[in-house]
Amino acid sequence: MRQSMARLRREAADNLLAYAFLAAGLVCFALFSWYPLVRGIVLSFQQVNFVSDPWWVGLDNYRALFADPLFWTAWRNTLVFTAMALVLGYALPFAVAVLINEFRHLRGLFRVLVYLPVMLPPIVGVLLWRYFYDPGDGLFNTVLRGVGLPESQWTQSPRTAIISLVLVSTWANMGGATLMYLAALQGVPGELYEAAELDGASVWQRLRHVTIPQLRFVLLVLLLLQIIATMQVFIEPFQLTGTSSPDTITVMVLIYRYAFTVNNDFGLAAAMSVLLFLVLGAFSALYLRLTRTAD
37 MRQSMARLRR EAADNLLAYA FLAAGLVCFA LFSWYPLVRG IVLSFQQVNF
87 VSDPWWVGLD NYRALFADPL FWTAWRNTLV FTAMALVLGY ALPFAVAVLI
137 NEFRHLRGLF RVLVYLPVML PPIVGVLLWR YFYDPGDGLF NTVLRGVGLP
187 ESQWTQSPRT AIISLVLVST WANMGGATLM YLAALQGVPG ELYEAAELDG
237 ASVWQRLRHV TIPQLRFVLL VLLLLQIIAT MQVFIEPFQL TGTSSPDTIT
287 VMVLIYRYAF TVNNDFGLAA AMSVLLFLVL GAFSALYLRL TRTAD
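Just so you know, we're using this note's numbering here: the sequence shown kicks off at 37 and counts up by one.
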């Protein structure tokens, strides 16, 4: 009996020590994650400008959102951006990783080069691309003039504005995904490739039947993270086209517009943020459910 009580006391002491070490992390997580989330939901039912006292408006903020034409425009642009970003930003890092993995020499150099844009501050990368896209003396139009091709307005044209933003986002963010794919490729058993080569499999067949199945989990996780990240695109449209262009305004840019420029109503911005949170949460739950069912 005494031994049992002593063991329970030791286990309780160990648990208390573990919770003591976790306490700081839990407090920080609650303070910087859960509190802003709950506070944002509360703000979405209020009219708030942080100058006068807030007052409760119930669902009026959500009604105002659905009545605003920019609300639907922002969602359409965000979905179009996400779809285009998946075509480039999801497939391109995987292809680059497979290509780098085939090199026997200078592999480390290529890793550094592909990750270099990620190390730059985002605003620096966007300002660099602003110079490239300048409709007057920008680099791209200078090259087009040099080869006798017609110039483009790039971010100012409705036809090329979204794809121009996608190129910037893909260039700035593909390095992290590429390194993740490279790390995952190191874990693929070499015997599988040797067996495929003995069976006469081509490069495409090895990629399809060996590489992709072995990296299936990484591909699924990065697809989910890519969709969540691109749905929250902000820096590229904000810096390159501003908050008033209907061709490139996204959900996050519209949230900024509601809070800091036109409306100065943080309650309206919070309501938009809550809707984005619900959409991404529902999509993530559905995606995880479908992938688990497939597994």
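Here a beta-carbon is modelled for each residue, glycine too, at the ideal position from N, C-alpha and C.
Rounded separation between residue i and residue j - CA only
{"i": "glutamine 262", "j": "serine 320", "result": "11 Å"}
{"i": "glutamine 189", "j": "threonine 114", "result": "21 Å"}
{"i": "methionine 155", "j": "phenylalanine 253", "result": "26 Å"}
{"i": "tryptophan 91", "j": "proline 273", "result": "32 Å"}
{"i": "isoleucine 58", "j": "tyrosine 71", "result": "According to the sequence displayed, residue 58 carries leucine and not isoleucine. Cα-Cα distance, rounded: 18 Å."}
{"i": "serine 193", "j": "tyrosine 169", "result": "11 Å"}
{"i": "tyrosine 74", "j": "arginine 195", "result": "Note that residue 74 is valine in the sequence shown, not tyrosine. Going by the C-alpha atoms only, they are around 40 Å apart."}
{"i": "methionine 210", "j": "alanine 133", "result": "10 Å"}
{"i": "leucine 260", "j": "tyrosine 126", "result": "10 Å"}
{"i": "valine 84", "j": "alanine 103", "result": "19 Å"}
{"i": "isoleucine 159", "j": "glutamine 275", "result": "8 Å"}
{"i": "alanine 121", "j": "alanine 54", "result": "43 Å"}
{"i": "valine 63", "j": "asparagine 51", "result": "18 Å"}
{"i": "valine 287", "j": "aspartate 301", "result": "16 Å"}
{"i": "threonine 118", "j": "leucine 324", "result": "19 Å"}
{"i": "asparagine 97", "j": "alanine 265", "result": "25 Å"}
{"i": "phenylalanine 86", "j": "leucine 311", "result": "22 Å"}
{"i": "serine 281", "j": "threonine 191", "result": "10 Å"}
{"i": "phenylalanine 68", "j": "arginine 143", "result": "39 Å"}
{"i": "valine 202", "j": "alanine 232", "result": "36 Å"}
{"i": "leucine 185", "j": "serine 200", "result": "18 Å"}
{"i": "arginine 30", "j": "leucine 175", "result": "Absent from the model: residue 30. The displayed extent of the chain is 37 to 331, so no value can be given."}
{"i": "tyrosine 292", "j": "phenylalanine 107", "result": "13 Å"}
{"i": "leucine 145", "j": "alanine 318", "result": "41 Å"}
{"i": "valine 179", "j": "valine 289", "result": "31 Å"}
{"i": "glutamate 227", "j": "threonine 109", "result": "51 Å"}
{"i": "glycine 76", "j": "alanine 197", "result": "31 Å"}
{"i": "phenylalanine 81", "j": "arginine 99", "result": "11 Å"}
{"i": "arginine 46", "j": "alanine 56", "result": "15 Å"}
{"i": "glycine 223", "j": "aspartate 89", "result": "58 Å"}
{"i": "glycine 61", "j": "aspartate 235", "result": "53 Å"}
{"i": "tryptophan 165", "j": "isoleucine 271", "result": "12 Å"}
{"i": "valine 315", "j": "proline 105", "result": "19 Å"}
{"i": "isoleucine 248", "j": "glutamate 138", "result": "15 Å"}
{"i": "leucine 95", "j": "alanine 66", "result": "27 Å"}
{"i": "valine 246", "j": "valine 239", "result": "10 Å"}
{"i": "threonine 284", "j": "valine 93", "result": "30 Å"}
{"i": "tyrosine 167", "j": "proline 225", "result": "45 Å"}
Collapsed DSSP secondary structure at residue i in the structure displayed
{"i": "glutamine 275", "result": "helix"}
{"i": "glutamine 192", "result": "helix"}
{"i": "arginine 143", "result": "helix"}
{"i": "serine 280", "result": "coil"}
{"i": "methionine 267", "result": "coil"}
{"i": "serine 238", "result": "coil"}
{"i": "isoleucine 198", "result": "helix"}
{"i": "proline 72", "result": "helix"}
{"i": "threonine 334", "result": "An answer regarding residue 334 cannot be provided, because it is not within the stretch 37 to 331 covered by the chain."}
{"i": "threonine 118", "result": "helix"}
{"i": "isoleucine 285", "result": "coil"}
{"i": "valine 183", "result": "coil"}
{"i": "glycine 348", "result": "Outside the shown range of the chain, which is 37 to 331, sits residue 348, and nothing can be said about it."}
{"i": "valine 204", "result": "helix"}
{"i": "leucine 251", "result": "coil"}
{"i": "valine 87", "result": "coil"}
Those residues which DSSP pairs with residue i across a bridge
{"i": "glutamine 82", "result": "Trp92"}
Supposed contact pair residue j and residue i - C-beta distance, whole angstroms, cut 8 Å
{"i": "alanine 208", "j": "glycine 278", "result": "Actually they are not in contact, since the Cβ atoms of alanine 208 and glycine 278 sit about 19 Å apart, beyond 8 Å."}
{"i": "valine 269", "j": "serine 205", "result": "6 Å"}
{"i": "proline 129", "j": "alanine 213", "result": "4 Å"}
{"i": "leucine 79", "j": "alanine 237", "result": "Between alanine 237 and leucine 79 the Cβ distance is about 57 Å, and since that is not below 8 Å, they are no contact."}
{"i": "tyrosine 229", "j": "arginine 242", "result": "6 Å"}
{"i": "leucine 218", "j": "arginine 147", "result": "7 Å"}
{"i": "leucine 304", "j": "leucine 101", "result": "7 Å"}
{"i": "alanine 220", "j": "leucine 251", "result": "5 Å"}
{"i": "leucine 258", "j": "methionine 216", "result": "7 Å"}
{"i": "threonine 327", "j": "leucine 255", "result": "About 10 Å; that fails the 8 Å criterion."}
Checklist entry - Residue ranges of each alpha helix (DSSP H) run of no fewer than 4 residues wholly in the stretch 150-181, ordered along the chain? => result 158-169
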